[in-house]
Every structure is written in structure tokens, then in C-alpha cells.
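Heads up: the protein sequence lines correspond to chains A and B, in order. According to this note's numbering, the first sequence is numbered sequentially starting from 103. According to this note's numbering, the second sequence is numbered sequentially starting from 590. By construction, the Cβ of each residue, glycine as well, lies at the ideal position given by its N, Cα and C atoms. None of these values were measured; they are calculated from a predicted model.
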Amino acid sequence: MSMRVSRLTLLAFAALLLPMARTAAAQAASRLPGELVWTIGYDPKTFDPAKVDDQESETVRYLTAGVLLRFNRLTQQVEPELAQNWTVSPDGRTLRFTLRPGLEFSDGSSLSARDVVWSLRRVLLPATQAPVADEFLTPARVSVEAVNDRTVVVHLPQRVIGIGKVFDEIAIEPAGRPSEGRVTSGPFFVNDYLRSQYVRLRRNPHFFRKDATGRALPYASGIRLDILENTEQEIRLFLRGDYDLIDSLPPDYFALLAKRSPGSARDLGPSLNTEQMWFNQSPASPLPGWEKAWFRSHAFRVAVSQAIHRDDLARIAYDGHATPAYSFTSPANTVWYDRALTAPHTDVAAAQAALAAAGFRRQGSVLLGPDGHPVRFSILTNTGNAARSKMATLIQQDLAALGMQVTVVTLDFPALIDRLMNTQNYEACLLGLENVDPDPNAMMNLWLSSSPNHQWDPSEKTPATPWEAEIDRLMHLQASTGSDAIRRKAVNRVQQIVANEQPFIYLVYPNLLVAASPRLEGVRPAVLEPHLTWNADSLQLRGAQ
Amino acid sequence: MSLRRGALWVLVGLILTAGAVVARPGASYAHQDREATLAGSSMQHPAGTDDFGRDRLIRVSAALLISLTGSIVGAALTTAAAAGVGTLAAFGPKVVGWSTMLVCDAFLALPWMFLLMMVRSALPFTMSPAHSAAITFLVLAALGWPACARAVYRGAVAQRTSGWMLHARATGLHRTQMIRYLLPNLLSLLLPQFLVSIPAFVIAEANLGALGLGISEPLPSWGGMLFELNNSAMLLETRWVFFPLALLVVVLLALEGTAAEA
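Dropping the structure here:
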């Protein structure tokens, strides 16, 4: 689960909202009978389900691909899909899938074990460069065989935690005929695509699934995904009835929508995502030595964390649609959220005392470091995310109470990422993390000290501190053990270390905000992505029989 | 003439009012009253508060003063630079005049918005808001002179061949002495240039600020406040978000009115 999951919200919708950037674009095309319409933020980079590595390609894959197992976004359980059932051997190394009888592709040709074997092998082949292959850990040593027409056996060289979910990302395509989503075994298939206009999906008449009354799914005759990155326009067209849903609604528009279209906007409580700030602790950064010393000081980081009024961040920057955060697992993550966690809470007096004990001293309204330099730094965040800019401005005032002079700098995403990943030329950064997968194993690439995504000090050759070494050990432990109890203990310990050391200062869990047209039936919002459209096959517009 | 006088009075009135608001004891443009965000008009906040609970009247007044001070200083610098370059080009050897005007043309042809963005993003992050304001107007001044210099050059060339100049040369006045008499003659050209530059700089700063490249928070600026208007959801909250825009229009009209007929 390493690649696609838990990564910085690289260009997630929010980053693309720059309202001035594009004004023209999709004047919604006309709606076909029975068609559902919503938007995606940018052109999918690929329609080949094996090569998906960006959010919008994943959106299309989710709606079109037929998969052996589906990770149910609502129940957070792995369920059989094209497979009628599946078994895992006790050592976790042999998987056996039995297909449903009479499966067909969208072009009417039959789907057999041969197609499954071909699709899995294609994904595992290095030449395909499928990002999902990494999740098998050693894809080259995985073998796939068809036992008979309906049975497929997969042999793994070692146990893989959460292997079921991996099959949620592998589309079963006709053997030897990869079609970039034109011929699928999922609920929809790609019908046409007009660059920077729309992607149009049609209903797969041969989809196996039926509703409780025996009626064939999907209900909708098709889906049009308009490519539109302008939230203002998206909301205008939603209010006009041109769009049926908004899967991710920025907090500042919630009140507007609640007023204009009562009942359509919904706050589903904290999401799995976090917003956090961190200090650059990389020894390779071009920052002066005394700043590096502050940022590596435990007392300094904890004091900053204690000075921040998270309630105000949630109330003012998110208009109340966020929840104060102290850890990387959100309360929405029912399985992994640790209620026993202790973390520094808002306490300005304690922060001042701790700074004084660590050698920082006040000179009038200015805080001086142990080295005598005034504590002055900038917080970097990306342009186009109103909530983040607001949080930074609030933090600016919160830290002024400690005598820290903070400037807020917004940069466009490419420039920001360049500083984070390449030049390390920044002091503090405020960004969010999107968690697609609730399992903490998905955050391996964030916590391992050797990882380039270990943001506060990327790609450490050896762990820089004992606590980073301990996190490394615990993360490896949870990834290799078969025992749930040991995993839970290890993950809780990682959460506690992070709360103690504050390499990331968690700020809020943004609430999950969605909007669905009152005419849309079958909506069952889920915390996991895609929140509103995970059951797209059961969605339909009222009266559009 | 009466229009000009009226505009001037409006301007003076605005500056005095803004000065009084900002100088009032306890007035702070940065104080966040987090219990009263996006509030409407009240005794405490006559023009309401912004989304951080900062007093809008104080912020608008401070922005007005900062913007006018910066623009006037910037315009003075630009006009002085243009006067220097223009006269030098007109009275120097032909090659100098020709090449100076070429440089001016090249300067005018530059995509200045892009240049401003580059200059602005190259500056260190930890620059204080006051420095960012000073630099914003300095950059505007540094980019504003060529257009003005061209006009001065034309005017100075005309003076060079004028009757009084011929007369002065015939009576044996030295070049450096003639500059003394030249400047009053160019004044009728420089003054409008100066006055016209002021509103141009005010609006340029507002544009930059609306792109997030101008004066940095928490210092108030026109651009920063206009940025709020980008969000249609915000417009529903309180009508006072239009206050900065309305006042900016009044200020610009007053400035243009003052510059007219000069």
C-alpha cells in the first residue's frame, strides 16, 4: 500500500482551486438520459488500470475496473467481488480465488480464470511498471496460476499485511486485450474522453451485480466526469442542478451551500486526513546552525505545539468544520484511533516555562534563542488553500505570545515541493496528509527514517535520534508480524512517540464535507475515498428510471 | 479647477480620518478578536471585522495610509529618476540619447508582472511585513520610470531647441548653469507625471496583493483585502467585505481628479 496511499496532498483538489487560474472551461455538456454527472479536478493521466498513480485516474479506475476483491469503503472490510470466495493459507503465502459463475466483460465475452491470471501477471511484470506491484513487496517472486476455469492460485514469497486490499486495485481485463478501460468487468466502461472537457462512462450491461430485488446494477445509464478545477464554478453548476454531487467540499463554501440548497451539504465529522506543521530538522539544509538547533530542540517543538490554539484553528480557519488533532490517526479511524494517547495540549504558560528552561529568554516582546539570535522563522504553505493560509495566520499570532516572529509564505505547489524534497531550504511548513487507507501500515513511507517522505529529515542514512530508531523498529515489527495484538501495541507506541517528540505538530482533522443533490438516491457517504461514489452502481436520480 | 480642488479635499479628508483612526489609542491592525470573526457593524467595530476578527476600519485606514505613502514616495523616486535619465539623454551625445531610449523601450516591453513575481519570490521568506511593503513600492518605482523618462526626454529635446535655450547659449551660459533654468521649464511636464504615477502605483500594489505577492500579512493592504472578494461564500457573510473596494475606488477617483488638469 505504499505508493498511492498516505502521501502529501500533492495537488489534491485543494491545491488547484486558484480561482483566477481558469474561468472558462466546462460549460456543462448536455446530460444523457439516466446519466449522473460530477467533476474531477484534472485530466486523468492514464486510463490503463495497471498504471494508475494519480487521484483522478484512480477515480476512473474505481468506477470501471472489475476486481477480485473489493475493500468496502463503508464497512472497511474486504469483500469478494468477481471472486465468489477466497482463502488465505495459515502462513499467509497462498491465496486461492474462486470466480463467480457466468462472468462476462462489458463487450459480452466471457471472463475466465485465464483472464484473471493474465491480468495479475501483467501487473506483476516489471515492464508494466504498475505502481500497485510494489505492494506485493517482491513482485518478481509472486506466481499466479489457473487451477481450472474458475480457480486461481497466487503464491507469495512472504506474508503481506493487508493483501486483500491490494486486489481492490487490480482490474481484471480480457486476456491479451488491454483496452484502457474500454472493455471492463466493472460497473461502467469508458465510452469517450474529450481532453480537458469530460470523461464519459457508460453502464456495463453485463455487470454481474444485482440489487436485492434482482434488478441489474448499475442503475445509472452512465456517468459523465467533467474536468473542472474551479470550485466556484463547480458549486454554481451544482446549485443549478448540472452536477449531482461534490465529493470534497471546501469548508468556506459549506454555509453557502447549506443556505442555497438546504439538505445537500453534509458534515460527516472528522476525516482520515490530517493537517500538520513541522520544522525542518535536516542537517543538510542551508539554514544557519542556530536555527537547526532550535528545530531539533524537543522543548522548542513542544512549546510551539502548546502555544497553538487548535480550537480556534478549527473554528475560524474551517468555519467549525474541523476537529483538533493531536495524532496521525483520526477518530474516524475506528480501528486504530488510540484513546489512551497523551499529547501536549494548549498551555501557553507551560510553553513559556519550558522555553526558559531550555535557555530561551525574552527581551521585551522578542524571544531570543540560547545563542542570542531572535527567534524568527517563516511558515511555508501552498497557495490556493484558504484554510491553510488562515491557520498559518492564526498560528502567527499564537506564537507571537511566546515572542516568536513568524512570517507566512505561500508558494505554488511545484516550488514548495522543490524546497521540501530537493533544496531543503525552508524553516517550517504547514501541509496536509491525505490518508486513503486507514491501516497505519500505509504510512510506512512517512515514518521510516530512511524514506524520502520522512518530511522533517528525509532519507536519513541511519536514524538521527533514538526515538526515530525506535519508530523504525516498531514500523518494521507491525509490518511483519501476523499477530493483531502485537501490531496494535507497536502502532500505539509509534503514536505515543510522535506525540511526545512532535516531529509533526498535528493541528486539525478537517471534517469530511460532501454535497449531494436532493434528487440523488442511494447516497451512503463513507469516510474512505471515494466518499459519495464508492457505491456508484447503486446511485440514481429520482424519477430517472 | 473646482473638480481638482474638490478631489484634493476628499483626499485630505480621507487621510486625516484614516490617520485619526489608526492613531487612536489601542488601535491595532493585527489584533485578532477571535470571538467576533466576520462580525457586522458595531460600536466597537464600526465597519465590522474580517475573518480573523480584526477590525476592518483600522485595517482599511492603515492600508490607505500605507498605500498612499508608498505610492507617493515611489512616484517621487520614479519621477526623479525619469527626470535625470530624460534630461541626460536629451542633452548628452546623440548616441547616449538613442541608446537610453532603446533601454527604456526594452524595459517597457518586459513582462513586468512576471518580473515582479520573480523579484518578489526571490526575496527571503523571513522578511518582515514592513520590509515587504517598502520593497513592493521600491520595485514598482524601479519598474515605473521608463515610460516617464520617455516623456521627459521628448520635453527636454523640445526645450533644447527652444528660443530661450538658443538665447542662453548665445549669451555664453554654461551647460550646468542651464540645468537650473531647464528644471522650472520641465516642471509642467514632471508634475503631471508624478501625479499620474500615484494612482497607477496604488492600483499596481492592489493587483500584486490580490495575487498574494504584495505586502505580507498581518500588515493590511488593498490587495490583501480585495483577495477576500475572491470567495463568493464570503460575500454572503457580510456586506462590509465590499468596504475596502468602495474606498479604493473613491481614493483612485480622488487621485485621478487631483492629477487631472495639472
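| query | result |
| --- | --- |
| Could you tell me the distance, in whole angstroms, from the CA atom of LYS492 of chain A to the CA atom of ASN547 of chain A? | 29 Å |
| Please list the terminal residues of the continuous alpha helix (DSSP H) segment that includes THR668 of chain B. | 645–680 |
| Could you pull out every residue in the same chain whose Cβ sits closer than 6 Å to the Cβ of SER660 of chain B, ignoring the five residues on either side in sequence? | ILE787, PHE790, VAL791 |
| So, is GLN597 of chain A buried or exposed, given that buried needs 16 or more other C-beta atoms within 10 angstroms? | buried |
| Applying a beta-carbon distance threshold of less than 8 Å, which residues of chain A neighbour THR827 of chain B? | Near THR827 of chain B there are no residues of chain A at all, since even the closest Cβ is about 12 Å away, more than 8 Å. |
| Say the cut is 7 Å; is the CB of ALA581 of chain A nearer than that to a heavy atom of the ligand MN? | The model depicted lacks the ligand MN and carries no ligand whatsoever. |
| My guess is that ALA730 of chain B and GLY663 of chain B are in contact by the Cβ rule of under 8 Å, so how many angstroms apart are they, rounded? | 4 Å |
| On the three-state DSSP scale, how would you describe TRP558 of chain A? | coil |
| Using the three-state DSSP reduction, which class does ALA427 of chain A fall into: helix, strand or coil? | coil |
| So, using beta-carbon positions, are VAL610 of chain A and THR448 of chain A closer together than 8 Å? | no |
| Could you check whether SER805 of chain B and ILE655 of chain B sit closer than 8 Å to each other, using their CB atoms as the reference points? | no |
| Mapping DSSP to helix, strand and coil, what is ILE142 of chain A? | strand |
| Within 10 angstroms of its Cβ, does PHE714 of chain B collect 16 or more other Cβ (buried), or is it exposed? | buried |
| Under 7 Å, CB to CB, which of the residues in the segment 682–710 of chain B have a partner in chain A? | none |
| Compare the Cα-Cα distances from ASP650 of chain A to each of A:SER467, A:ASP369, A:GLN498, A:ALA455 and report the closest residue. | This structure does not reach residue 650 of chain A, given that chain A is present from 103 up to 647, and the question cannot be answered. |
| For the pair the segment 138–152 of chain A and the segment 351–361 of chain A, tell me if three or more CB-CB distances fall below 8 Å. | no |
| Could you give the first and the last residue of the continuous beta strand (DSSP E) run that contains ILE481 of chain A? | 478–484 |
| Can you find a C-beta in chain B that's less than 8 Å from the C-beta of THR483 of chain A? | no |
| How far does the alpha helix (DSSP H) with ILE787 of chain B in it reach, from first residue to last? | 764–799 |
| With a threshold of 8 Å between beta-carbons, can MET823 of chain B be considered close to chain A, or not? | yes |
| Using DSSP's beta-bridge definition, name the partner residues of TYR300 of chain A. | A:LEU296, A:ASP328 |
| Going by the beta-carbon positions, is the gap between ASN637 of chain A and GLU536 of chain A smaller than 8 Å? | no |
| Would you mind telling me which residues of chain A sit closer than 7 Å to ARG623 of chain B, beta carbon to beta carbon, in chain order? | ASP414, ILE418 |
| With a floor of 4 residues, list each alpha helix (DSSP H) that falls wholly inside the segment 188–248 of chain A, ordered by position along the chain. | 215–226 |
| Of all the residues that make up the segment 780–809 of chain B, which are near chain A by a beta-carbon distance shorter than 9 Å? | ALA799, LEU800, GLY801, SER805, GLU806, PRO807 |
| In chain A, what lies closer than 8 Å to ASP640 of chain B by C-beta? | ILE418, LYS492 |
| I need the DSSP call for PHE606 of chain A, collapsed to helix, strand or coil. | strand |
| Identify the contact partners of THR509 of chain A in chain B, using a Cβ-Cβ distance below 9 Å as the criterion. | PHE714, THR715, MET716, SER717, PRO718, SER721, SER805, GLU806 |
| Taking 8 Å as the threshold (beta carbon to beta carbon), is TYR355 of chain A in contact with chain B? | yes |
| For the segment 602–630 of chain B, which residues have a CB atom closer than 8 Å to at least one CB atom of chain A, in sequence order? | ALA619, GLN621, ARG623, THR626 |
| Tell me which residues share the same chain as GLY371 of chain A and place their Cβ nearer than 7 Å to its Cβ, disregarding the 5 neighbours each side in the sequence. | ALA434, ASN613, LEU614 |
| Just to make sure I have the definition right: I need the residues of chain B whose C-beta is within less than 7 Å of the C-beta of LEU522 of chain A. Which are they? | What LEU522 of chain A touches in chain B: nothing, since even the nearest Cβ is about 14 Å away. |
| What did DSSP end up calling THR661 of chain A once you bin it into helix, strand or coil? | This structure cannot speak to residue 661 of chain A, because chain A is shown only from 103 to 647. |
| From PHE356 of chain A to SER631 of chain B, what distance separates their C-alpha atoms? | 26 Å |
| Please list the segments of the alpha helix (DSSP H) lying wholly inside the segment 399–427 of chain A, counting only runs of 4 or more residues, in order along the chain. | 400–409 |
| For ASP349 of chain A, which of helix, strand or coil comes out of DSSP? | coil |
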